[in-house]
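A.B. asks: Residue numbers (the working numbering): 33 to 328.
Here you go, one structure.
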Amino acid sequence: MSSRFASAAARIGPVLARLAVLAAVPAAPVAAHDLCLIPELSAPAPGATLRVALHVSEVFPGEPTDWRPEKTRDFFLFDARGRLDLKGGAPEGKPLMPRLTLRSPGSTIVALVTEPSYIEIEARKFQDYLKAEGHDDMLEMRDRMNQVRAMGRERYRRWVKTLVNAGGEASDVALADLNLTIEIVPEAQPAAVRAGDRLPVRVLFEGMPYDGGTLCATHAGYSSKPDAYAWCGRLDRAGRASVPIAAPGWQLLRITKMRALAGDGRADWVSYWAALTFEVAKEARPREHPEERSSP
33 MSSRFASAAA RIGPVLARLA VLAAVPAAPV AAHDLCLIPE LSAPAPGATL
83 RVALHVSEVF PGEPTDWRPE KTRDFFLFDA RGRLDLKGGA PEGKPLMPRL
133 TLRSPGSTIV ALVTEPSYIE IEARKFQDYL KAEGHDDMLE MRDRMNQVRA
183 MGRERYRRWV KTLVNAGGEA SDVALADLNL TIEIVPEAQP AAVRAGDRLP
233 VRVLFEGMPY DGGTLCATHA GYSSKPDAYA WCGRLDRAGR ASVPIAAPGW
283 QLLRITKMRA LAGDGRADWV SYWAALTFEV AKEARPREHP EERSSP
C-alpha cells in the first residue's frame, strides 16, 4: 500500500520552484513547475462546446497561459464513442485556448502530449530535484558515474489529462487507460469523490505498473507557496496509491519518471511527467451513466 510522507510534500516545492521544467509555455522565462489542463466547465451540458486552458504555475491552479501548437505532439478527447483527434483545431482568445465539442453524455477525458523540451540545471539543484522527486535510483547512478557535480542536462515531455462530465453525469470512461507513456488512471469514479474521501489510482509507465514512484496531490487554494502539495506518497509494487481528497474544487495529481539517456547530444537524462486534473463538487454525488466505454 502507498505511504504518506509529509516531509517530501514540504520539501519538494522549494526545490522545484527553482526549476523552469516546462513544456508548452510562453517563450519568456517562467518560474513555474506543474503543467495541467483545466476546462472552463467541469460539468457542461451534453453537446456543449467549451475551451480548455493550459495552466503552468508555481501555485495550483494559477492563471491560464497561451496554448502553443508547435509544442503539441498530440491532443485528443476520449469518450463513450472512442477517441477523437483535436490537434488540428486552432486555439483562440486571450489567452489562446483550443475549443472542443462534447459528443456524448457522461465522462470525457481530454489529453495533451507535448513535444520534447530541454533544460540544463546546476549540479546541486539537479541533485536536490532528483531527491525531491524520489528518484533515488538516479541519484545512485550519478554517484556511481561520478556525475554528482555535473550539470543536469535533461530532456522532458508531458502527458496530461483532465476530466469533464457532460450533463453532470459520470461514466466509466473516466477510468480508461489511454495507453499513454506515463499515465495516472483512477480506479474509482473521481466525480463521486467528496472531501474527506480517498481516490484509489494506479500509475502506469510504458504499460507497466510504476513501482515506487512518488505521487503528489493538491487542490486549488491549498497553499500560496510555490509548488506545495497537500500530500505525497510512494506507489506500491502494483503502481497503486490511495490519494486523500482534503477539500472540494479542482484537484491535481502529478508524478514523474526519470531515466539515463544515451544518443542525445543535448541531454544525459530524460524525464516523463504525468498529471491528472478533475473537480470535486460540494453537493451530492452524481448519478452514474450506464453507457459502456469504447477501447482507446
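The beta carbon of each residue, even a glycine, is placed where N, CA and C say it ideally should be.
The model shown is predicted, which means the values in this text are computed figures rather than measured ones.
What span of residues does the alpha helix (DSSP H) with K193 cover, start to end?
C.D. replies: Here K193 belongs to no alpha helix (DSSP H); instead the beta strand (DSSP E) covers 184 to 198.
A.B. asks: Is the CB of R230 under 8 angstroms away from at least one CB in chain D?
C.D. replies: Here there is only one protein chain, and chain D is not present.
A.B. asks: T133: buried (16+ other C-beta within 10 angstroms of its C-beta) or exposed?
C.D. replies: Looking at its Cβ environment, which holds fewer than 16 other Cβ atoms inside 10 Å, T133 is exposed.
A.B. asks: Where A85 and E238 are concerned, what is the direct C-alpha to C-alpha distance, given to the nearest angstrom?
C.D. replies: If I take the Cα positions, the gap works out to 27 angstroms.
A.B. asks: Who are the Cβ neighbours of R185 in its own chain at under 6 angstroms, not counting the five residues just before and after it?
C.D. replies: So the qualifying residues of the chain are E152, A299, D300.
A.B. asks: Please state whether DSSP places D106 in a helix, a strand or coil.
C.D. replies: Residue state, collapsed to three classes: strand.
A.B. asks: Just to confirm the assignment, what range does the beta strand (DSSP E) spanning K289 have?
C.D. replies: Per DSSP, K289 belongs to the beta strand (DSSP E) from 281 to 292.
A.B. asks: Go ahead and label P137 buried or exposed: buried means 16 or more other beta carbons lie within 10 angstroms of its beta carbon, across all protein chains shown.
C.D. replies: P137 is buried by the Cβ-count criterion.
A.B. asks: Are the CB atoms of W263 and A249 within a distance shorter than 8 angstroms?
C.D. replies: Yes. Within cutoff.
A.B. asks: Would you report the Cα separation of T97 and K157, rounded to the nearest angstrom?
C.D. replies: Between T97 and K157, the C-alpha separation is close to 26 angstroms.
A.B. asks: Between the beta-carbon of F110 and the beta-carbon of I141, is there less than 8 angstroms?
C.D. replies: For F110 and I141, yes; Cβs fall inside 8 angstroms.
A.B. asks: Based on Cα-Cα distance, which residue from W99, R187, N211 lies nearest to R115?
C.D. replies: Checking every option, the nearest Cα to that of R115 belongs to N211.
A.B. asks: Are the CB atoms of L231 and V217 within a distance shorter than 8 angstroms?
C.D. replies: Against a cut-off of 8 angstroms, the Cβ pair of L231 and V217 comes out as no contact.
A.B. asks: Evaluate Y150 with the Cβ neighbour count: other Cβ atoms within 10 Å of its Cβ, from every protein chain shown; 16 or more gives buried, anything less gives exposed.
C.D. replies: Exposed, by the Cβ-count rule.
A.B. asks: Skipping 5 residues on each side, what residues in its chain have a beta carbon closer than 6 angstroms to that of F310?
C.D. replies: Closer than 6 angstroms at the Cβ level, and outside the excluded window around F310, lie L195, P222, Q283.
A.B. asks: Name the residue from H167, D160, G265 whose alpha carbon lies nearest to the alpha carbon of M183.
C.D. replies: Nearest C-alpha to M183: D160.
A.B. asks: Report the partner residues of M129 according to the DSSP bridge assignment.
C.D. replies: DSSP output for M129 lists E124 as bridge partner(s).
A.B. asks: If S255 and V91 are in contact, beta carbons under 8 angstroms, what's the gap, nearest whole angstrom?
C.D. replies: Confirmed, Cβ separation roughly 7 angstroms.
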